[in-house]
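Counting in the numbering used here, the sequence shown runs from 394 upward without gaps.
In this text, a Cβ means the ideal position worked out from N, Cα and C, and glycines have one as well.
Report on the structure given below.
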Amino acid sequence: MGDRLRILLECLNKLETLLSPMKISSIWETEPMIIKDQPEFLNMAVCGSFSDTPENLLKELWKIEDSAGRNRQNEISKGPRPLDLDILLFGNREIHTEILDVPHPAIKERAFVLQPLLELNAELCEPGSGTVYAGLLEDVENQGIICYKNSEQVKTLLKDRYDRKL
Numbered sequence: 394m395g396d397r398l399r400i401l402l403e404c405l406n407k408l409e410t411l412l413s414p415m416k417i418s419s420i421w422e423t424e425p426m427i428i429k430d431q432p433e434f435l436n437m438a439v440c441g442s443f444s445d446t447p448e449n450l451l452k453e454l455w456k457i458e459d460s461a462g463r464n465r466q467n468e469i470s471k472g473p474r475p476l477d478l479d480i481l482l483f484g485n486r487e488i489h490t491e492i493l494d495v496p497h498p499a500i501k502e503r504a505f506v507l508q509p510l511l512e513l514n515a516e517l518c519e520p521g522s523g524t525v526y527a528g529l530l531e532d533v534e535n536q537g538i539i540c541y542k543n544s545e546q547v548k549t550l551l552k553d554r555y556d557r558k559l
């Protein structure tokens, strides 16, 4: 919701303080999957090293979502929201706690997750099972995903706006 690109750029600016060094994918525009009556989404993936626990990373991501105006108490699940950050993978770890499931359970079903994730690392495999994610992209190709800004365009926008150089 809102100025999608501005929100993403502000998010990337904040994420760069948490994940070092940070790599970014292109931004992909996608149609809503579950609740269709809402604006299209912008999606991307980032990767970087985080020196604390996955749970603490998730708590930091929630703070970034809050700063973008997200209010979980007043939103419809899978409905419109200004920002939604997920931990897709955390190294090769499998994590299952009350607040976190890694790898993210829906990676294999969503082109808007697989495409940017594989852009960062085409050889990624699912921890535990060893499933090669690249082999799954064909199964989800027809989900209405288009490149909105390539990664070089995003880097230029970040440099221009925040004087950040990824």
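Short Cβ contact (8 angstroms threshold) for L478 with K501 = no
For K552, the three-state DSSP class (helix, strand or coil) = helix
N406: first and last residue of the uninterrupted alpha helix (DSSP H) it sits in = Segment R397 to L408, the alpha helix (DSSP H) holding N406.
When you compare each of K456, Y555, V547 and D556 to I417 by their alpha carbons, which one comes out closest?
-> V547
For G521, which residues from the same chain have a beta carbon less than 6 angstroms from its beta carbon, with the 5 sequence-adjacent residues on both sides left out?
-> So the qualifying residues of the chain are E487.
Length at least 3, wholly inside the segment 430-495: the beta strand (DSSP E) runs in chain order | 434-436
By Cβ distance below 7 angstroms, which residues in the same chain neighbour R554 in space, the five residues on each side in sequence not counted?
-> L402
Out of F483, E519 and L454, point me to the one whose CA is closest to L411's CA.
-> For the residues F483, E519 and L454, the minimum Cα distance to L411 belongs to L454.
Nearest-angstrom beta carbon gap, L481 and P496 [assumed within contact, 8 angstroms] | In this structure P496 is in contact with L481, their Cβ atoms being roughly 6 angstroms apart against a cut-off of 8 angstroms.
Are any of the Cβ atoms in chain D nearer than 8 angstroms to that of A515?
-> Although the question refers to chain D, the structure presented lacks it and comprises just one protein chain.
Does the segment 453-468 come close enough to the segment 419-430 to have 3 or more Cβ pairs within less than 8 angstroms?
-> no
Using a Cβ-Cβ cut-off of 6 angstroms (strictly less than) and excluding sequence neighbours within five positions of I539, which residues of its own chain qualify?
-> E422
Which first and last residues belong to the alpha helix (DSSP H) in which E512 is found?
-> A504 to L513
For T524, the first and last residue of its enclosing beta strand (DSSP E) = That residue, T524, is in no beta strand (DSSP E); it is neither H nor E in DSSP.
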